[in-house]
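Okay, so the sequence shown: first residue is 94 according to our numbering, each after it adds one.
This report refers to the structure that appears directly beneath it.
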Amino acid sequence: MSKKAVILFNLGGPDEPGAIQPFLFNLFNDPAIIDLPGLIRWPLAKFISARRAPVAKEI
Numbered sequence: 094m095s096k097k098a099v100i101l102f103n104l105g106g107p108d109e110p111g112a113i114q115p116f117l118f119n120l121f122n123d124p125a126i127i128d129l130p131g132l133i134r135w136p137l138a139k140f141i142s143a144r145r146a147p148v149a150k151e152i
């Protein structure tokens, strides 16, 4: 029988709507979150954070 584990992290959050995009960028630019070389991860993090920030501001 295999064992499974669930690990929960509290990553915090932005303290105001203007901090949402920088928060998302820092989250997705973390190599522990997206395991890609920095030359790929940085533009990908910029793209994701720019696309998700407007949606997250409405939540």
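Glycine residues also receive a C-beta, built at the ideal position from the N, C-alpha and C atoms.
**Item:** Beta-carbon contacts of PHE118 that lie in its chain and below 6 angstroms, excluding the five residues immediately before and after
**Value:** What you label residue 118 is simply residue 25 of the sequence shown in a count that begins at 1. The answer, listed in chain order, is ALA138, SER142.
**Asked** For the alpha helix (DSSP H) that LEU132 lies in, which residues bound it at each end?
**Response** For this step, residue 132 is matched to residue 39 along the sequence shown. First-last of the alpha helix (DSSP H) with LEU132: 131-151.
**Prompt:** Any idea if ILE100 is buried or exposed, counting beta-carbon neighbours within 10 angstroms, 16 or more meaning buried?
**Reply:** Residue numbering aside, residue 100 sits at position 7 when the sequence shown is read from its first letter. Burial call: exposed.
**Asked** To the nearest angstrom, how far is it from the Cα of LYS150 to the Cα of ASP108?
**Response** In the sequence shown, the residue the question calls residue 150 occupies position 57. In the sequence shown, the residue the question calls residue 108 occupies position 15. Between LYS150 and ASP108, the C-alpha separation is close to 12 angstroms.
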